[in-house]
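Asker: Chains as they are written, first to last, in this note's numbering: chain F, 1 to 368; chain R, 1001 to 1368.
Take this structure first; my questions come after.
Protein chains: 2
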Amino acid sequence: MPEVHAARRTRLRSHCEAAGSDAVLVSRPANISYLTGCAPPRSVLLLGAGEDLLVRPGDPAQDPAGAPQPDDLRVHSLGGPDGDAAVAATGLAAVGAATALAVEEHHLTVARHRALASVAPRLALTDLARAVEQQRLVKDDEEIACLRIAAEIGDQALGELLESILVGRTERHLALELERRLVDHGAEGPAFPTAVGTGPHAGRAGHVPTDRRVEEGDFLTVCLGARYRGYRCEIGRTFVVGTAPDDWQIELYDLVFAAQRAGREALTPGVEYRDVDRAARQVLTAAGHGDGVGPFTGHGVGLEIDEDPRLAPASMGKLDARVPVTVEPGVHLPGRGGVRIDDTLVVRSQADGGPELLTITTKELLAL
Amino acid sequence: MPEVHAARRTRLRSHCEAAGSDAVLVSRPANISYLTGCAPPRSVLLLGAGEDLLVRPGDPAQDPAGAPQPDDLRVHSLGGPDGDAAVAATGLAAVGAATALAVEEHHLTVARHRALASVAPRLALTDLARAVEQQRLVKDDEEIACLRIAAEIGDQALGELLESILVGRTERHLALELERRLVDHGAEGPAFPTAVGTGPHAGRAGHVPTDRRVEEGDFLTVCLGARYRGYRCEIGRTFVVGTAPDDWQIELYDLVFAAQRAGREALTPGVEYRDVDRAARQVLTAAGHGDGVGPFTGHGVGLEIDEDPRLAPASMGKLDARVPVTVEPGVHLPGRGGVRIDDTLVVRSQADGGPELLTITTKELLAL
């Protein structure tokens, strides 16, 4: 879909021209990917007055089989040294008569910025800021289709795990098995490191799997996701291992479930990011678990697993239709464990059926 | 080993003071790890005139079980927003009366640099450059012991793979299985994405595994490594699948083997980086394969898989004793495949026994 990428670049160029910059240098890999369909390591994208140019180290002919190549813009390969000055010199030759170059100050290093400034002392360097990230917020049909497939792969891998024997296996092995299953079902790889937490580790966000083995009576929290055509999705569930959950487990689960539902139900075009967070957070705070909630209760997903927007108390901005986000409140009680429930949904208006749930694995409290 | 980290910080502080900076801000994660024993995501380390401070977002009590914590310096956790200004303000309160702050311009973003400058307009920001990377070049006994174990784990995982049936399995599955075996044998995880290339993909550096299945008569190149206590090691081997290799396969293998041996034999304290590269490269160039060799034939390993030094034609500098490097020449013939052989060795003087080979899997051409 080369015309999609060209259209995205045209939109970015218009944005920058309106802000007074006649050339743009994009360095953040996910942003390059969004604008060209590929992002070779350490490459930069230049949108000049005349033409667009991808400057990359290494020879495209030596790329792995199937590595995406941009088919609608010129690629300049740096055969020799791939230092800052070389990139700057090559790039600036392409921007030609530009007078102001917008760069991603939140990504570009000081060293590279200096190299650009020294190669072209008369070119004004301005800040592109998060213009590409803003453009990436609202997804098109193709992007949402990729996220749907990624979600389906996550559901499949998780479903298979639930049918296997869990007691006695380590967090680390369960995580590796889930990642293998993601690939079996067509993922390019995991969208992020799979988190498996049992017993006292359950309910933690981003828990790094350990050698702790699953025991009867444990809470077990699993958070995983697939990457499909570059798009990343996320699902998290908490289970009880053994036949009957304890009362405290049922109570905590119901609470987190209620919080997560409140967050999901708050997703509608025009709502403030922080109001979605508050909807989920206040359920937990009212029950005395405010301290254990963490700094955010959801975030955008797409080419990166943790994109804009952030659903957090101080986040500024409003949700649009077609923005995919996670809703993932959780509570962790030190020493005891906890619960996290995490879905990926696409914001849609009520007329359009309301939020579209991509991750459909049941949220009943299953005893495995 | 907290005193090790404190000693490393003292050495860095002396280096900076000699260069005129009385405070240092380290932002590159591997560098923070080297200087403190841990590197929470998005943290920065400040070495002030008075004290050292690790500024990190999030609560250490919520860290994964077993996550390393620095036990010999103060940690300031940012509970609220973890933006550039907050880090800068907190950090600068710690550096107190400093007049010049050295920062890692090759890592720090322009936005963060600006935030620092605006919070303390009278503080001169200087460039630390790659001072910590330079300090990391020569490894101590503890670091080399970790690399030895990482290498042993890689050898074990590779050895087991060689005993299994390969024909009909995909590159992707072989790579996943190798990564599982690394963890089985005690690795924290793979040191880098495992490369498995068969048939026409064999011999490529950093090949991303595909769904191609192993066939009789293929070259099969595997490159993998374990991460152990943060340290990363690398081994690469090429095999023939089936009973008898073709003549062209034997010839190409012998050539790459001779190049790799020449590189290994060139490793001695005081030798120029580029002379090691040339020793390996000229064997391949003399045989008419100069174009397919790639930009470097080896690199340092340690807390990162691709550290200084780089063994390449234009690299400036000399090897010291106790520097671990890879020697990994390869040739890839488009459409036909190729050979790579990759070892990790520690440079040692002849009096000390010569280069220490960490990755001991055989380099005979095995037919699997």
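Every residue gets a Cβ at the ideal spot worked out from N, C-alpha and C, and that includes glycine.
(1) Reducing DSSP to helix, strand and coil, say where R:PRO1029 ends up.
(2) Just the C-alpha distance for R:SER1033 and R:GLU1272, rounded to the nearest angstrom, thanks.
(3) Provide the residue span of the alpha helix (DSSP H) that contains F:PHE369, from first to last.
(4) Helix, strand or coil for F:PRO81, going by three-state DSSP, please let me know.
(5) Going by DSSP, what residues sit across from R:ALA1367 in a beta bridge?
(6) When the distance is taken between beta carbons, is R:ARG1181 closer than 8 Å to R:ALA1370?
(7) Note down, in chain order, every chain F residue with its Cβ under 8 Å from the Cβ of R:GLU1105.
(8) At 4 residues or longer, what runs of the alpha helix (DSSP H) sit wholly inside the region 290-314 of chain F?
(9) When the Cα atoms are used, what is the spatial distance from F:ASP352 to F:GLN249?
(10) Which one of R:ALA1102, R:PRO1313, R:PHE1257, R:VAL1301 has the shortest CA to CA distance from R:ALA1030?
(11) Shorter than 8 Å from the beta carbon of F:ARG172 to some beta carbon of chain B?
(12) Could you check how far apart the C-beta atoms of F:ASP155 and F:ILE305 are, in whole angstroms? I think they sit under 8 Å.
(13) Mind pulling the chain F residues with CB within less than 7 Å of R:VAL1183?
(14) In whole angstroms, give me the CA-to-CA distance for F:LEU178 and F:GLY225.
(15) I'd like to know whether the C-beta atoms of R:ALA1129 and R:HIS1113 end up nearer to each other than 8 Å.
(16) Since I believe R:LEU1311 is in contact with R:VAL1325 (beta carbons under 8 Å), could you give me their beta-carbon distance rounded to a whole number of angstroms?
(17) Let me know the alpha helix (DSSP H) ranges lying completely inside the region 179-207 of chain F, each 4 residues or longer, listed in chain order.
(18) Taking R:ARG1008 as the reference, which of R:ALA1195, R:ALA1191, R:GLY1037, R:PRO1057 has the closest Cα?
(19) For R:CYS1016, I'd like the list of residues in its chain whose CB is within less than 6 Å of its CB, leaving aside the five on either flank, ordered along the chain.
(20) Classify F:ALA124: buried if its beta carbon has 16 or more other beta carbons within 10 angstroms, exposed otherwise.
(21) Determine whether the beta carbon atoms of F:PHE257 and F:LYS139 lie at a separation below 8 Å.
(22) Taking one C-beta from the region 329-346 of chain F and one from the region 286-295 of chain F each time, how about it: are there three or more such pairs within less than 8 Å?
(23) Measuring only between beta-carbons, confirm whether F:ARG180 sits less than 8 Å from chain R.
(24) Between R:LEU1457 and R:LEU1345, which are expected to be in contact by the criterion C-beta below 8 Å, what is the C-beta distance as a whole number of angstroms?
(25) Which term fits R:SER1014, buried or exposed, when burial requires 16 or more other beta carbons within 10 angstroms of its beta carbon?
(26) How far does the alpha helix (DSSP H) with R:LEU1284 in it extend, from its first residue to its last?
(27) Which residues mark the beginning and the end of the alpha helix (DSSP H) in which R:ALA1131 is found?
(28) Going by the DSSP bridge assignment, what does F:VAL75 pair with across the sheet?
(29) Counting C-beta neighbours from all protein chains within 10 Å, is the total for R:ARG1122 16 or more, i.e. buried, or is it exposed?
(30) When the Cα of F:ILE144 is compared with those of F:ARG227, F:SER315, F:PHE219, F:THR194, which residue comes out closest?
(31) Taking only three categories from DSSP, how would you classify R:GLU1152?
Answerer: Well, looking at it:
(1) Within the second sequence, numbered from 1, the residue matching residue 1029 of chain R stands at position 29. Three-state result, R:PRO1029: helix.
(2) As a first step, residue 1033 of chain R is located in the second sequence; it is residue number 33 there, counting from the start. As a first step, residue 1272 of chain R is located in the second sequence; it is residue number 272 there, counting from the start. One C-alpha to the other measures close to 28 Å.
(3) Residue coverage of chain F in this structure runs from 1 to 368, which leaves residue 369 of chain F outside it and unanswerable.
(4) By 1-based counting over the first sequence, the position of residue 81 of chain F is 81. Unreliable positioning characterises F:PRO81 in this predicted model, as indicated by a pLDDT of 47, which lies under 50. The coordinate reading is nonetheless provided below. DSSP places F:PRO81 in coil when its eight states are reduced to three.
(5) Translated into positions along the second sequence, residue 1367 of chain R becomes position 367. Bridge partners of R:ALA1367: R:VAL1240.
(6) Since the first and last residues shown for chain R are 1001 and 1368, residue 1370 of chain R lies out of range.
(7) For the purposes of this step, residue 1105 of chain R is taken as the residue at position 105 of the second sequence. Near R:GLU1105 (Cβ distances below 8 Å), the residues of chain F are THR109, VAL110, ALA111, ARG114.
(8) Complete alpha helix (DSSP H) runs here, min 4: none at all.
(9) Numbered from its first residue, the first sequence carries residue 352 of chain F at position 352. Numbered from its first residue, the first sequence carries residue 249 of chain F at position 249. Their Cα atoms are separated by approximately 36 Å.
(10) As a first step, residue 1030 of chain R must be located in the second sequence, where it is residue number 30. The option with the nearest alpha carbon to R:ALA1030 is R:VAL1301.
(11) In the structure shown, chain B cannot be found, because the protein chains are F and R.
(12) Within the first sequence, residue 155 of chain F is the residue found at index 155, counting from 1. Within the first sequence, residue 305 of chain F is the residue found at index 305, counting from 1. Wrong, their Cβ atoms sit about 17 Å apart, outside the cutoff.
(13) Residue 1183 of chain R sits at position 183 when you count from the first residue of the second sequence. What R:VAL1183 touches in chain F: ARG172, LEU176.
(14) For the purposes of this step, residue 178 of chain F is identified with residue 178 of the first sequence, where counting begins at 1. For the purposes of this step, residue 225 of chain F is identified with residue 225 of the first sequence, where counting begins at 1. Cα to Cα, F:LEU178 sits roughly 9 Å from F:GLY225.
(15) Residue mapping note: residue 1129 of chain R aligns to position 129 of the second sequence, counting from 1. Residue mapping note: residue 1113 of chain R aligns to position 113 of the second sequence, counting from 1. Taking the C-beta atoms as reference points, R:HIS1113 is found no nearer than 8 Å to R:ALA1129.
(16) For the purposes of this step, residue 1325 of chain R is identified with residue 325 of the second sequence, where counting begins at 1. For the purposes of this step, residue 1311 of chain R is identified with residue 311 of the second sequence, where counting begins at 1. Correct: roughly 7 Å between the Cβ atoms.
(17) none
(18) Reading the second sequence from its first residue, position 8 is the one you call residue 1008 of chain R. Closest by alpha carbon: R:GLY1037.
(19) Counted from its first residue, the second sequence places residue 1016 of chain R at position 16. Within the same chain, R:CYS1016 has close Cβ partners VAL1024, ALA1102.
(20) Here the question's residue 124 of chain F lines up with position 124 in the first sequence. Exposed, since its Cβ has fewer than 16 Cβ neighbours within 10 Å.
(21) Numbered from 1 along the first sequence, position 257 holds the residue referred to as residue 257 of chain F. Numbered from 1 along the first sequence, position 139 holds the residue referred to as residue 139 of chain F. Not closer than 8 Å, so no.
(22) yes
(23) The residue labelled residue 180 of chain F in the question sits at position 180 within the first sequence. Cβ-Cβ to chain R under 8 Å: yes for F:ARG180.
(24) Given a span of 1001 to 1368 for chain R in the structure shown, any question on residue 1457 of chain R remains unanswerable.
(25) In the second sequence, the residue the question calls residue 1014 of chain R occupies position 14. Its Cβ having fewer than 16 others within 10 Å, R:SER1014 is exposed.
(26) As a working mapping, residue 1284 of chain R is identified with position 284 in the second sequence. 1273-1286 is the span of the alpha helix (DSSP H), which, as asked, contains R:LEU1284.
(27) Here the question's residue 1131 of chain R lines up with position 131 in the second sequence. Unbroken alpha helix (DSSP H) run through R:ALA1131: 1131-1136.
(28) To locate residue 75 of chain F, count along the first sequence from 1; it is residue 75. F:VAL75 pairs with F:LEU54.
(29) As a working mapping, residue 1122 of chain R is identified with position 122 in the second sequence. Under this definition R:ARG1122 is an exposed residue.
(30) Taking the first residue of the first sequence as position 1, residue 144 of chain F is located at position 144. Shortest Cα-Cα distance from F:ILE144 to any of F:ARG227, F:SER315, F:PHE219, F:THR194 involves F:ARG227.
(31) As a first step, residue 1152 of chain R is located in the second sequence; it is residue number 152 there, counting from the start. In the structure shown, R:GLU1152 sits in a helix (DSSP, three-state: H, G or I).
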